[in-house]
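In the numbering used here, the protein residues as written are 44 to 336. Take a look at the structure below.
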Ligand SMILES: NC(=O)c1ccc[n+]([C@@H]2O[C@H](COP(=O)([O-])OP(=O)(O)OC[C@H]3O[C@@H](n4cnc5c(N)ncnc54)[C@H](OP(=O)(O)O)[C@@H]3O)[C@@H](O)[C@H]2O)c1
């Protein structure tokens, strides 16, 4: 594979968790013309001190994007957290990239991205993928599977209550750490060519039973899995205070773990980062303190 280490590479959302890690990986791998885009350049002064060109990039301000993307050859679009507005945001970024002469777009998508109305947050990723493909530019769609870090939200609650709620029929989720996903994205920016769509996964699917067992072992506290129907799981989330729309989005992810969409395992992390993805149990052990709530 060709190495684009000396090409102008721009990472959007560079002050976010994944974006920052991707820029740091590009630095570590010797990229010489890194551009970090963010809505708030003041957050990236440490990267500027390392020779990174910092530019203001806000997809909500399309008029600013031609200048932001000028001279860029390869672009990593980190999907935004603007749920409900992401198709417009990210399509504006794709249009501006094409107009600016960008040759290759890398995009952080989601597993089983599809237009289905009941697919939670997936339609926004699907329509962004379509916009990227329709641009005619080369691209690498990286369908990042569920972050291992998501477990640091629900497992502490399970430790406290002794109960882990999930859907009947769960077939597992191939959690990938944010750091591994970021290293893969940086690697794709450095190496990928042509038009590809790939799943970025951890090394193995982990079921709710396995999550509970590992958590119990690490904390010394019993955690029982309570398998529920979708309606009961959603009702429980709403009763616990989650807004209905957010509960529905979380439920959609869990349904995809029942159908098997989240159990896919690929070698994409290793191929683009040169490192094996961190195993789920090792990730949790490294974050044992956070499990105690
Ligand atoms: N796979 C999973 O389990 C999972 C979980 C949560 C989220 N995600 C997705 O993965 C993305 C990256 O994750 P993360 O942990 O790094 O999220 P994060 O830290 O919450 O970052 C949010 C990102 O959105 C960017 N952003 C927001 N509004 C923007 C705008 N108007 N124009 C351009 N960029 C904008 C931010 O960039 P600046 O602040 O630098 O401008 C930042 O990079 C998320 O945004 C979300 O789409 C995936």
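The beta carbon of each residue, even a glycine, is placed where N, CA and C say it ideally should be. Keep in mind it's a predicted model, so treat the numbers as computed, not measured.
- Residue nearest to residue 323 in terms of C-alpha spacing, selected from 87, 190, 183, 151: Checked all of 87, 190, 183, 151; the closest Cα to residue 323 is 190.
- residue 88 to residue 230 span [Cα, whole Å]: Inter-residue distance for residue 88 and residue 230 is about 24 Å (C-alpha atoms, whole angstroms).
- Item | Host beta strand (DSSP E) of residue 175 (start-end) | Note, residue 175: premise wrong, no beta strand (DSSP E); alpha helix (DSSP H) at 165–177.
- Give me every residue whose Cβ sits closer than 6 Å to any heavy atom of ligand 1, in chain order. For ligand 1, residues qualifying as neighbours are 55, 56, 57, 58, 59, 60, 61, 62, 81, 82, 100, 101, 102, 103, 121, 122, 123, 124, 125, 132, 151, 187, 189, 190, 193, 221, where qualification means a beta carbon closer than 6 Å to at least one of its heavy atoms (chain order).
- Would you say residue 105 and residue 57 are within 8 Å of each other, going by their C-beta atoms? No, the Cβ-Cβ distance between residue 105 and residue 57 is not below 8 Å.
- May I ask you to list the residues that DSSP assigns as paired with residue 192? BP columns for residue 192 are empty, so no partner.
- In the DSSP assignment, find the alpha helix (DSSP H) that holds residue 88 and state where it starts and stops. Note, residue 88: alpha helix (DSSP H), 88–91.
- Do the CB positions of residue 68 and residue 201 come within less than 8 Å of each other? Residue 201 sits away from residue 68, with the two beta carbons spaced by 8 Å or more.
- Based on the DSSP output, what are the partners of residue 150 in its beta bridges? Paired residue(s): 120, 184.
- With DSSP run on the structure shown, which of helix, strand or coil describes residue 285? Three-state DSSP puts residue 285 in coil, outside helix and strand.
- Query: If we ignore side chains and look at the alpha-carbon of each, how far apart do residue 163 and residue 298 end up?
  - Reply: The straight-line gap from Cα to Cα measures roughly 10 Å.
- Task: Taking the CB atoms as reference points, tell me whether residue 140 and residue 112 lie closer together than 8 Å.
- Result: Taking 8 Å as the Cβ cut-off, residue 140 and residue 112 qualify as a contacting pair.
- Nearest-angstrom Cα distance between residue 168 and residue 184? So the alpha carbons of these two residues sit roughly 10 Å apart.
- Query: What do you get for residue 310, buried or exposed, if any count of 16 or more other CB atoms within 10 angstroms of its CB means buried?
  - Reply: It is exposed - the Cβ of residue 310 has fewer than 16 other Cβ atoms within 10 Å.
- Message: According to DSSP, is residue 77 part of a helix, a strand, or is it coil?
- Response: Residue 77 falls in the strand class under three-state DSSP.
- Integer Cβ distance of residue 115 from residue 51, believed to fall under 8 Å: Confirmed, Cβ separation roughly 5 Å.
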